[in-house]
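Residue numbering for the sequence shown follows the working numbering, starting at 22 and increasing by one per position.
Cβ atoms here follow ideal geometry from the backbone N, Cα and C, with glycine treated the same way.
Model, not experiment: these values are computed from the prediction.
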Amino acid sequence: MSENTKTPLEHVNDALAQLKEMRHYAKNNVETLTAQWLLFDGELKKLKQSGSIETLMTRQGELHDALDKEIAELEKLAATLQPPPEEA
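And the structure:
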């Protein structure tokens, strides 16, 4: 189906798929960064780098939360765009 013939529901579903993929990677990034933080926390503090890493972890967590919120909103919208069930 070409871009010009997509329904609003298809556009919403496409955006949802992209956001869910972004959320997946954001979650993995937070987990990886947290694991690294736990391994090297003492060394980073000695090098005065802990503040910048904490900021990155906070921002990545905020992105993950924002993605969750937007996904929930688009899922609600997608539900309202579903065509009514056909009667038998």
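Under the three-state DSSP convention, the category residue i falls into
| i | result |
| --- | --- |
| LYS48 | helix |
| LYS41 | helix |
| GLU107 | coil |
| LYS27 | coil |
| LEU68 | coil |
C-alpha gap between residue i and residue j, whole angstroms
| i | j | result |
| --- | --- | --- |
| THR101 | LEU40 | 19 Å |
| SER71 | GLN103 | 48 Å |
| GLU83 | ASP89 | 10 Å |
| GLY63 | MET43 | 31 Å |
Continuous alpha helix (DSSP H) stretch holding residue i: start and end
| i | result |
| --- | --- |
| LYS97 | 71-102 |
Rounded Cβ spacing between residue i and residue j (contact assumed at less than 8 Å)
| i | j | result |
| --- | --- | --- |
| ALA99 | LEU37 | 7 Å |
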